[in-house]
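Under the numbering used here, residues 41 to 368 are what the sequence shown spells out, in order.
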Amino acid sequence: MTGLFDSWQRQINYLRISVTDHCNLGCVYCSVGSVPHLPRSEILSYEEIRRLVQVAAGIGISKVRLTGGEPLLRAGLSQLVRMLARIEGIDDISLTSNGILLAKYALELKEAGLKRVNISLDTLKEDRFKRISGRDKLGEVLSGIEAAHLAGLEPVKINMVVLRGINDDETIDFARMSASRGWHVRFIEFMPFGMPEAESLATVSAREIQERIQSLGKLEPYTGSTGNGPARYFRLPGAEGTIGFITPMTEHFCDTCNRLRLTSDGQLRPCLLDDDEVNLKEPLRNGAGTDELKQLIQQAVAIKRERHHLTGGLAPGTVKRPMCQIGG
Ligand code: SAM
């Protein structure tokens, strides 16, 4: 067998990279505002990221997603995309963004080699957008979605984190957008990471959301091309867009997990919800050769656990790092 396989025979071919821990939003469920930023010197440079991706590509990583924090806040992100697109073995580069700066960068990102983008959007109401994210930026996000389509960053997927009593009454409006606007909408179950600020927030199960959406018509399972992720996809009758459900809380999808995460400060993390990490930055900065780096990546794969245990409820502070450093 060639490629990277973990102890549970899962093939690992997907690397998510957090390029910054800074964000231009402060969402209620993502403790970005309450943790100090990492010192600039701790953040991997583009050249360091390129080198690590090149080594990873040599042992089986073929897909990369850039995330953060808000990745478009990092100056010259298209330059990094161009550097990664040139690496032999990397055949898919995607981005997760809040969309605020996409109108400005969509075209140059596409030209640099970005294939597609996921845009996070939790509400279609301006006042609510401000309440959830702390900023008045809904118009910019909608322009960013438009710009991503125009640039051909397809499929553009819209990710909505559903929070009980905060935006769950809009799930039907989002589902409708899959028919009226051809959006590919994905509903994500909120994960209580154990951050104290998020203690009052509650998950809405995908099953409950699905039941609500059925009032718009029967959801047909969709099995067309959907990317590398864990969502289950459906379509409303006649809709161009799809509706996906991501269920980290009610139905973990660890048995199909194919990913590693590189934190903005160069730690390789086998699982979002587990604090095990392998330090790549230090050896990299101390002149490690390709073989040593390969072994470290293989070590991270070897310690990847069978599954996460979020479903049973995480004690506060269980995941030590905030999402913005790990890369959501
Ligand atoms: N700034 C970018 C964005 O907004 O897409 C990328 C980083 S953000 C951390 C990535 C995704 O993680 C977003 O879709 C966000 O809604 C989601 N996210 C953050 N905290 C979460 C939580 N506690 N539960 C579920 N999703 C979460």
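We put the CB at the ideal spot given by N, CA and C, even for glycine.
Quiz item: Is the segment 298-309 close to the segment 236-255, with three or more CB pairs under 8 Å?
Solution: no
Quiz item: Along the chain, which unbroken stretches of the beta strand (DSSP E) at least 3 residues long are found entirely within the segment 124-196?
Solution: 132-137 and 156-160
Quiz item: What are the uninterrupted segments assigned as alpha helix (DSSP H) that are 4 or more residues long and contained completely in the segment 53-127, given in chain order?
Solution: 86-98 and 117-125
Quiz item: Just to check, is the beta-carbon of residue 110 closer than 7 Å to a non-hydrogen atom of the ligand NAP?
Solution: Among the ligands in the structure shown, the ligand NAP does not appear; only the ligand SAM can be found there.
Quiz item: For the beta strand (DSSP E) that contains residue 308, what are its first and last residues?
Solution: 307-309
Quiz item: Is residue 201 near the ligand SAM, going by C-beta to nearest heavy atom under 7 Å?
Solution: yes
Quiz item: Whose C-beta lies closer than 7 Å to the C-beta of residue 262 among residues of the same chain, with five residues either side of it excluded?
Solution: 273, 274, 275 and 282
Practice problem: With DSSP collapsed to three states, give me the class of residue 229. | Solution: strand
Quiz item: Quick one: Cα of residue 280 to Cα of residue 42, how far?
Solution: 37 Å
Quiz item: For residue 124, which residues from the same chain have a beta carbon less than 7 Å from its beta carbon, with the 5 sequence-adjacent residues on both sides left out?
Solution: Excluding positions up to five away in sequence, the list reads 90, 93, 104, 130 and 133.
Quiz item: Going by beta carbon distance, what residues of the same chain come within less than 8 Å of residue 51, once the five residues before and after it are set aside?
Solution: 43, 44, 45, 100 and 298
Quiz item: Excluding the five sequence neighbours on either side, which residues of its own chain have a C-beta within less than 7 Å of the C-beta of residue 140, listed in chain order?
Solution: 64, 177, 180, 181 and 184
Quiz prompt | Spatial distance of residue 164 from residue 201 (CA atoms) | solution = 13 Å
Quiz item: Span of the beta strand (DSSP E) holding residue 274?
Solution: 272-275
Quiz item: Ordered along the chain, which non-local residues of its own chain (more than five positions away) have a Cβ less than 8 Å from that of residue 57?
Solution: 89, 93, 104, 105, 106, 107, 301, 302 and 367
Quiz item: Over what stretch of residues does the beta strand (DSSP E) that includes residue 302 continue unbroken?
Solution: 299-302
Quiz item: Any heavy atom of the ligand SAM within a distance shorter than 7 Å of the CB on residue 311?
Solution: no
Quiz item: Among all the DSSP beta bridges, which residues are the ones paired with residue 214?
Solution: Partner(s): none; residue 214 has no beta bridge.
Quiz item: According to the neighbour-count rule (16 or more other Cβ atoms, all chains shown, within 10 Å of its Cβ), is residue 223 buried or exposed?
Solution: When all chains shown are included, residue 223 counts as buried.
Quiz item: If we count Cβ pairs, one from each stretch, closer than 8 Å, do we get three or more for the segment 245-260 versus the segment 210-228?
Solution: yes
Exercise. Answer yes or no: does any C-beta atom of chain B fall closer than 8 Å to that of residue 294?
Key: Here chain B cannot be found, since the structure has a single protein chain.
Quiz item: Per DSSP, residue 261 forms a beta bridge with which residues?
Solution: 274
Exercise. For the alpha helix (DSSP H) holding residue 253, just list the boundary residues, first then last.
Key: 246-253
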